[in-house]
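In my numbering, the protein residues as written are 1 to 134.
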């Protein structure tokens, strides 16, 4: 089965952020949860933030006991779940297509790099820019 989706640029950016969170969690970067909450403007007071950081450390310790401190698996690591790898591959293609559409002459950010698949279980997605925003 193939699925085709159409979305606004804002929706695409939100999808990319959500996929990024999924890819990071699977590599052991559970602190990305806190970073996403801050990005969304959800900020607890300092005491609650310290409690949340402790909880995230416990979560990481429980689910990723081999990883210490800020360590995480790379996206190409065999320990990284395929869902995280597929998410990462989807991010690369979407941000690449958007970057080249917005700046056809190219640029120096990673968005302009040719997507490099991290998994062989799925083909890279296809992204087409179909129109400008209304």
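Just so you know, even glycine gets a beta-carbon here, dropped at the ideal spot from N, CA and C.
Among the options, the one whose alpha carbon lies nearest that of residue i
i, options, result
"residue 91", "102, 33 and 118", "118"
"residue 10", "98, 104 and 116", "98"
"residue 101", "130, 7, 66 and 62", "130"
"residue 127", "2, 93 and 17", "93"
"residue 15", "87, 67 and 66", "87"
Nearest-angstrom Cα separation, counted from residue j out to residue i
i, j, result
"residue 29", "residue 89", "17 Å"
"residue 39", "residue 83", "23 Å"
"residue 55", "residue 75", "24 Å"
"residue 122", "residue 4", "16 Å"
"residue 72", "residue 79", "10 Å"
"residue 44", "residue 69", "23 Å"
"residue 6", "residue 19", "17 Å"
"residue 1", "residue 120", "18 Å"
Residue i, buried or exposed, once every other Cβ within 10 Å from all chains shown has been counted against 16
i, result
"residue 32", "buried"
"residue 108", "exposed"
"residue 26", "buried"
6 Å CB neighbourhood of residue i in its chain, flanking five on each side removed
i, result
"residue 21", "32 and 36"
Own chain partners of residue i with C-beta closer than 8 Å, once the 5 adjacent residues on each side are dropped
i, result
"residue 67", "28, 60 and 73"
Below-8 Å beta-carbon distance, residue i vs any chain C residue
i, result
"residue 15", "The chain labelled as chain C is not found in the depicted structure, where only one protein chain is given."
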